[in-house]
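Worksheet for the structure shown next.
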Ligand code: NAD
């Protein structure tokens, strides 16, 4: 794909990371958000990312200036998506909000634009249902922090065309990412597998099979995982993991997704992982 115009709707944690990756790859990026405050904040965050990249020797000053020139915050939604080849939605994880955004994108973006949602758990088919031409809608599930994480899950629903899948795969590669193609099903590939491993590790801890450190080491040293499942849960947040486990248990109805008591107890006590100072590990001090 020759670098064209990308619109990112939602300038929060994920939106700014996706915009940054696209601008680095040579795309002209327009970022829009319903909150003017979010748009003000995002330009400062992007500037910080660029400054850090220069300091770490990842970017020359010349490249930094060229990348910064390709990034623009645009409060007017229609102007942001007007001539986009790819529109990526990264607004809050709420079906109604995403459906509204897609209906508006369809009214204002070019008819040939690829429309992607960065949802981490919602049904892509349900999001696409509000659009007249659902064939050009799919999921592009990026990971946080976007500039450091290689994976993009390209999530297809029954009406996604093969041309759209090809375009999404090509676009992800142009951003230096490694795409995988996954059917629209709860937890896609990454959360379904990752959460299953994390919950099993918690059950082993509950049963006293080994300490948290040793369970993590089993995966780190025995399977070459960069980080064990309990430490990873501490970084993601135990409350976030509990919500995903409950959702997967309800939708997939498989016993391995039933949240273990130790997870419920820790969340009830406010032990949410690194962000609260304690989870399966002690992070304070
Ligand atoms: P966030 O809260 O940081 O940012 C969301 C932004 O969307 C906010 O700036 C908000 O003002 C804006 N917004 C809300 N409604 C809008 C609307 N109608 N039009 C335009 N902008 C609107 O959220 P986030 O963490 O960046 O998550 C965004 C999406 O990415 C969610 O679907 C989430 O599930 C998914 N996701 C998040 C992560 C993560 O680690 N944070 C990872 C992968 C995917």
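Numbering (our numbering), first residue to last: -5 to 279. Every residue, glycine too, gets a C-beta built ideally from N, C-alpha and C.
Quick check on residue i: does DSSP put it in helix, strand or coil?
i, result
"residue 232", "helix"
"residue 173", "strand"
"residue 87", "coil"
"residue 203", "coil"
"residue 130", "helix"
"residue 109", "strand"
"residue 144", "coil"
"residue 247", "coil"
"residue -4", "Below a pLDDT of 50, predicted positions are generally treated as unreliable, and residue -4, at 47, falls in that range; the measurement from the model is reported next regardless. Coil at residue -4, not helix or strand."
"residue 65", "strand"
"residue 10", "helix"
"residue 81", "strand"
"residue 22", "strand"
"residue 164", "helix"
"residue 99", "helix"
"residue 324", "No information on residue 324 is available, as it lies outside the stretch -5 to 279 that the chain covers here."
"residue 57", "helix"
"residue 1", "strand"
"residue 149", "strand"
Is residue i close to chain B? Criterion is C-beta to C-beta, closer than 8 Å.
i, result
"residue 104", "In summary, chain B is missing from the structure at hand, where a single protein chain is found."
For residue i, I'd like the list of residues in its chain whose CB is within less than 8 Å of its CB, leaving aside the five on either flank, ordered along the chain.
i, result
"residue 212", "204, 222"
"residue 39", "10"
"residue 215", "none"
"residue 142", "none"
"residue 115", "87, 180, 181, 185, 238, 241"
"residue 13", "0, 2, 5, 23, 25, 36, 40, 65"
"residue 70", "26"
"residue 220", "214"
Could you tell me how far apart the beta carbons of residue i and residue j are, in whole angstroms, since I believe they sit closer than 8 Å?
i, j, result
"residue 129", "residue 154", "6 Å"
"residue 261", "residue 229", "No, residue 261 and residue 229 are not in contact; Cβ-Cβ is about 15 Å, not under 8 Å."
"residue 105", "residue 75", "Actually they do not touch by this definition, with Cβ atoms about 12 Å apart."
"residue 17", "residue 54", "With a Cβ gap of about 15 Å, residue 17 and residue 54 do not count as contacting."
"residue 121", "residue 96", "6 Å"
"residue 159", "residue 175", "6 Å"
"residue 148", "residue 134", "6 Å"
"residue 99", "residue 80", "That pair is no contact at about 11 Å."
"residue 193", "residue 250", "7 Å"
"residue 196", "residue 236", "Contact flag wrong, Cβ pair sits at about 10 Å."
Got a sec? Which residues, its chain only, sit under 6 Å from residue i by beta carbon, not counting five neighbours each side?
i, result
"residue 180", "242, 245, 246"
"residue 5", "25, 27, 32, 33, 36"
"residue 166", "146, 173"
"residue 191", "223"
"residue 282", "The first residue shown for the chain is -5 and the last is 279, placing residue 282 beyond what the model contains."
"residue 278", "271"
"residue 47", "53"
"residue 131", "109, 122, 125"
"residue 68", "24, 26, 74"
Once the 5 residues before and after residue i are set aside, which same chain residues still bring their CB inside 7 Å of it?
i, result
"residue 266", "231, 232, 233, 273"
"residue -5", "Residue placement at residue -5 is poorly supported in this model, since its pLDDT is 44, which falls under 50; the coordinates still yield a value, given next. Only 164, 165, 168 meet the Cβ criterion."
"residue 8", "84, 112, 136, 138, 140"
(request) With a floor of 4 residues, list each alpha helix (DSSP H) that falls wholly inside the segment 24 to 55, ordered by position along the chain. (result) Positions of the alpha helix (DSSP H) runs, each at least 4 residues long and wholly inside the segment 24 to 55, are given as 30 to 49 in order along the chain.
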